[in-house]
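Below: one structure, written as structure tokens.
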Amino acid sequence: VGARYASPGVVPMTGAAYVYRFDPVLSNWAYEDTLVPPAGGTMDSFGFSVAIDGERIIVGSPQRDWFGAIADGGVAHIYEWNAGLGTWPHRSTFTANVASVDAWFGYAVDISGDWVLVGAPGEATWRGTVYPARLVPGSILPYGPIRAVDGTAWDSFGEAVGIDGHDFAVGAPDDDDLGVHSGAAYR
């Protein structure tokens, strides 16, 4: 569960994500862990988007500034279950290939097995971009960026994403091809 304005640590309103696991014996959801970014600042919106697949979780932080100068460039963090510790330690951080002001990388996230998909709808004056990547031991291999071939400014391509294996879909809710803000979905 994402809580983008939570203050679980020293930095106020950096955000958090809360993990719950279903207990079949008690037939209820039990709190398991609180995920926080390895580094963060006020109003980073960590937890703005969250997705889980098996023993991996991806959390978007779309308002995270890059190097203190690139406002709202955004990042996504991957966490992996450690049964021995009974926690979800941070595994890696994923960023866009090139820093972009107001990209909002991490606005939407999804994960399927070793594949992650991250939306950056604010890139290129809100034309938008998505970043598919594969998780490999010790690294993240990017396979993007990908943009809509018919995209224009303010389409917001990447505001919604979904991935299942090697297939993914991307939403562009402000696409105007069929009327003002009629939207589009790409596969």
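Numbering (the numbering used here), first residue to last: 76 to 262. Cβ coordinates follow ideal geometry from the N, Cα and C atoms, glycine included. Note that the structure is predicted; figures quoted are calculated from it, not measured.
query                                                                                                           : result
Alpha helix (DSSP H) segment containing Ala199, residue limits                                                  : 198-201
Residues near Tyr106 in its chain [Cβ-Cβ closer than 8 Å; skip 5 each side]                                     : Tyr93, Val94, Tyr95
Other residues of its chain near Thr168: CB distance less than 6 Å, five sequence neighbours each side excluded : Val150, His152
DSSP beta-bridge partners of Ala260                                                                             : Gly246
Where Leu253 falls, given that 16 or more other Cβ within 10 Å makes a residue buried                           : exposed
Cβ neighbour criterion (16 or more within 10 Å) applied to Pro99                                                : exposed
Distance CB(Val173)-CB(Gly181) smaller than 8 Å                                                                 : no
Any beta strand (DSSP E) of 3 or more consecutive residues that is wholly inside the region 181-226             : 183-187, 190-195, 204-211, 214-217
Where Ser231 sits in the DSSP three-state scheme                                                                : coil
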